[in-house]
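Structure first, commentary second.
There are 2 protein chains.
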Amino acid sequence: MLALSVDIGGTHIGCAVVRDREILAFSSLESEGSESLASLLASIAETMRCLLAEAQSGAAECQGVAIGFPGIVDARTGRIFSTLKKYEDAVHLDLPGWSRETFGVPLRIENDARMALLGEQYAGAAQGVHDVVMMTLGTGIGGAAMILGKLLRGAHSQAACLGGHLPVDFRGRPCSCGNIGCAEAEAAGWSLPGVVRGWPGLESSSLLQAPRLDFRTIFAAAAQGDRVAVEVRQRCLEVWAANAVALIHAYDPEMVVMGGGVMQSGAAILPYVQEYVARHAWAAWGKPQVRSAVLGEKAGLLGAVPLLQEEF
Amino acid sequence: MLALSVDIGGTHIGCAVVRDREILAFSSLESEGSESLASLLASIAETMRCLLAEAQSGAAECQGVAIGFPGIVDARTGRIFSTLKKYEDAVHLDLPGWSRETFGVPLRIENDARMALLGEQYAGAAQGVHDVVMMTLGTGIGGAAMILGKLLRGAHSQAACLGGHLPVDFRGRPCSCGNIGCAEAEAAGWSLPGVVRGWPGLESSSLLQAPRLDFRTIFAAAAQGDRVAVEVRQRCLEVWAANAVALIHAYDPEMVVMGGGVMQSGAAILPYVQEYVARHAWAAWGKPQVRSAVLGEKAGLLGAVPLLQEEF
Chain A
44 MLALSVDIGG THIGCAVVRD REILAFSSLE SEGSESLASL LASIAETMRC LLAEAQSGAA
104 ECQGVAIGFP GIVDARTGRI FSTLKKYEDA VHLDLPGWSR ETFGVPLRIE NDARMALLGE
164 QYAGAAQGVH DVVMMTLGTG IGGAAMILGK LLRGAHSQAA CLGGHLPVDF RGRPCSCGNI
224 GCAEAEAAGW SLPGVVRGWP GLESSSLLQA PRLDFRTIFA AAAQGDRVAV EVRQRCLEVW
284 AANAVALIHA YDPEMVVMGG GVMQSGAAIL PYVQEYVARH AWAAWGKPQV RSAVLGEKAG
344 LLGAVPLLQE EF
Chain B
44 MLALSVDIGG THIGCAVVRD REILAFSSLE SEGSESLASL LASIAETMRC LLAEAQSGAA
104 ECQGVAIGFP GIVDARTGRI FSTLKKYEDA VHLDLPGWSR ETFGVPLRIE NDARMALLGE
164 QYAGAAQGVH DVVMMTLGTG IGGAAMILGK LLRGAHSQAA CLGGHLPVDF RGRPCSCGNI
224 GCAEAEAAGW SLPGVVRGWP GLESSSLLQA PRLDFRTIFA AAAQGDRVAV EVRQRCLEVW
284 AANAVALIHA YDPEMVVMGG GVMQSGAAIL PYVQEYVARH AWAAWGKPQV RSAVLGEKAG
344 LLGAVPLLQE EF
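The listed protein sequences derive, respectively, from chains A and B. Quick note, the first sequence lines up with residues 44 to 355 if you use the numbering used here. Quick note, the second sequence lines up with residues 44 to 355 if you use the numbering used here.
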């Protein structure tokens, strides 16, 4: 099956023509300066036409357009319920209408973390696994769950995509979502600087001079033996591992797939979480596996075909 | 619809003949001394015959037998996967066969917390609500979730029934399940004595002399102004409220139903959790409600008809 696939991110928009598990043509659009999705639709359409030409295909041969969007999305109706600060005009756009007019094909839209899970399940780390959750460690912590081969969405499309907003410390830090001590508030890109700034002993740490307090910096300083960095790293590993167990207890999967940019910074993350899950997760039936995502930024794009094939 | 309903607990077994939302006849069997379920089947059958006579009905008029069991149960096949210390012989019993031979009707079995949710949803606090989670505060913390009108069970029947085993404190107390800092390890009947015993200032608290460290004792001492009891009560309220938000973020319900014996001890529990959820839960679509269960110990028994009617 041929499909047009769009992965909308905060700083870039990935566009691709995909055939089943293969990306035939790919291009990335800069979107950092743009707050409106409507203003980007013409560039997306133009890019897609070039990619179709590159793939020697026509839009009419495609099953449809699949969009991964960073917000709360109703895949059943193609509506965007809620955006997270960026692309606030998206809730008013008729994207299925735009797709019909522009390409003459139907459109489906889904939350970006769910798209990444669909991609990894269809073409990546979780091929053939019908019960799988995904954690995406980045600026925030993305979540998604598939149960018996179906994405879990819930009544208002919020189920499982708030996996990073399960509390791991009920007297912890305020989260951007309004809750207290969410995994994301304790160990994600946006919350990390606050965690480090309050750390005891920071005045004698190399982190005090760091131009950027990101996970790359923390893991590098920890590898050099910086005490604060070692302690912060340990705390983050524990938060992610506790969050993985929470997802296992919540959704009963056979596998946890860990993805996102942070996974590149720390080779220690995967073995730590694997060992923690083996020791602490309760699974009467056996042992849930923990694996790294393998598709990187292409995961969401490769979710296109399974999304378009899904029967609602 | 008429049904035979059995609710298997650690110290008592509730038996009933139910017609739709009504209990026609009820009796409770003592089971404290018995470690084997097989040894109780004859008493259950005998009790059911008396209850059928009392209800002026015959077994043949019943749609089936529904059993709520405290363990991990595969409702699709009627198998018990895992028991929690008691009734370990149950995994080897052919309960559907027993029901056919004894009553000539089919049997279904489900986890007891899921049965309580089914009952509250069919005949109690959550009537007409298709998206609802339940927390049962007792010796442990039971959990169950219904999404779009269907119980969530997951691949190995563990989904949602481990709701009390979502961590709320990743550096917290060891849980009986093997995990760290589960809601149940921080604020449930079995873990409460350990929480109190380590509390700073206990030596000058009335709790030091308490014959039983249960929630009734804590709430009573807190009402008298005992400082340790006030602090422990506050901590437990925060744990339960954080657990309620975790369930909302995990399963996207319209309502949280709170049940279990502990709810009788503390009139403060419900308003505290309601207020916390209103302030801290992230629901783009509106406000999840928090309500008390209304069926008490009868909830599980009233889950019989919806369980027997469910299509797998």
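Note that beta-carbon positions come from the ideal geometry of N, C-alpha and C, so glycine has one too.
query	result
Distance between beta carbons of Val-61 (chain A) and Met-6 (chain A), contact taken as under 8 Å	Any question about residue 6 (chain A) goes unanswered here, given that chain A covers just 44 to 355.
Spatially closest choice to Ala-159 (chain A) from A:Asp-63, A:Asp-212 and A:Ala-188, by CA coordinates	A:Ala-188
Cβ contact check for the stretch 66-84 of chain B and the stretch 316-332 of chain A: 3 or more pairs under 8 Å	no
Positions along the stretch 219-232 of chain B whose CB lies within less than 9 Å of some CB in chain A	Cys-220, Gly-221, Asn-222, Ile-223, Gly-224, Cys-225, Ala-226 and Glu-229
Spatially closest choice to Ile-223 (chain A) from B:Ala-285, B:Ile-184 and B:Gly-192, by CA coordinates	B:Ala-285
Residue(s) in a DSSP beta bridge with Met-306 (chain B)	DSSP output for Met-306 (chain B) lists no bridge partner at all.
Contact with chain B by Leu-161 (chain A), beta-carbon distance below 8 Å	no
Chain-ordered residues of the stretch 180-202 of chain B with a beta carbon less than 7 Å from chain A	Ile-190, Leu-191, Gly-197, Ala-198, His-199, Gln-201 and Ala-202
Unbroken beta strand (DSSP E) run spanning Cys-58 (chain A), endpoints	55-62
Those residues which DSSP pairs with Asn-154 (chain A) across a bridge	A:Phe-112
Listed by chain order, chain B residues near Trp-328 (chain A) by CB distance under 9 Å	Ile-115, Phe-124, Ser-125, Ala-198, His-199, Ser-200 and Gln-201
Three-state secondary structure assigned by DSSP to Gln-358 (chain A)	Given that chain A is displayed from residue 44 to residue 355, the structure contains no residue 358 (chain A) and the question cannot be resolved.
Where the beta strand (DSSP E) through Met-385 (chain A) begins and ends	Absent from the structure is residue 385 (chain A), since the part of chain A shown begins at 44 and ends at 355.
Coarse secondary structure for Leu-136 (chain B), derived from DSSP in three states	coil
Coil, strand or helix - Val-299 (chain B) by DSSP	strand
Ser-70 (chain A), DSSP secondary structure in three states	strand
Neighbourhood of Ile-291 (chain A) by C-beta, 6 Å cutoff - its chain only, sequence neighbours within 5 removed	Ala-324 and Pro-331
Short CB-CB distance (under 8 Å) between Trp-325 (chain A) and chain B	yes
DSSP-derived helix/strand/coil call for Lys-330 (chain B)	coil
Distance CB(Gly-192 (chain A))-CB(Gly-206 (chain A)) smaller than 8 Å	no
First through last residue of the alpha helix (DSSP H) which encompasses Ile-184 (chain B)	Here Ile-184 (chain B) belongs to no alpha helix (DSSP H); instead the beta strand (DSSP E) covers 184-190.
Proximity below 8 Å, CB of Gly-268 (chain B) to CB of Glu-227 (chain B)	no
Gln-99 (chain A) burial status per 10 Å Cβ neighbour count (16 or more: buried)	exposed
Closest Cα partner of Gly-181 (chain B) within the set B:Ala-321, B:Ala-347, B:Gly-53 and B:Val-316	B:Gly-53
Where Leu-205 (chain B) meets chain A, residues with beta-carbon distance less than 7 Å	His-292 and Trp-325
Three-state secondary structure assigned by DSSP to Ser-77 (chain A)	coil
For Arg-92 (chain B), the three-state DSSP class (helix, strand or coil)	helix
DSSP-derived helix/strand/coil call for Lys-372 (chain B)	Shown here, chain B extends from 44 to 355; a query on residue 372 (chain B) therefore has no answer.
Whole-angstrom C-beta distance between Gly-147 (chain B) and Ala-81 (chain B), which should lie under 8 Å	That pair is no contact at about 20 Å.
Min CB distance Pro-210 (chain B) to chain A below 8 Å	yes
CB contact below 8 Å: Glu-297 (chain B) versus chain A	yes
Glu-281 (chain A) at chain B interface by Cβ criterion, 8 Å	yes
C-alpha gap between Ala-347 (chain B) and Gly-121 (chain B), whole angstroms	14 Å
Near-chain B residues of the stretch 48-69 of chain A - C-beta to any C-beta below 7 Å	none
4-residue-minimum alpha helix (DSSP H) runs that sit fully inside the stretch 198-246 of chain A, ordered along the chain	226-229 and 235-240
Distance CB(Leu-250 (chain B))-CB(Val-238 (chain B)) smaller than 8 Å	no
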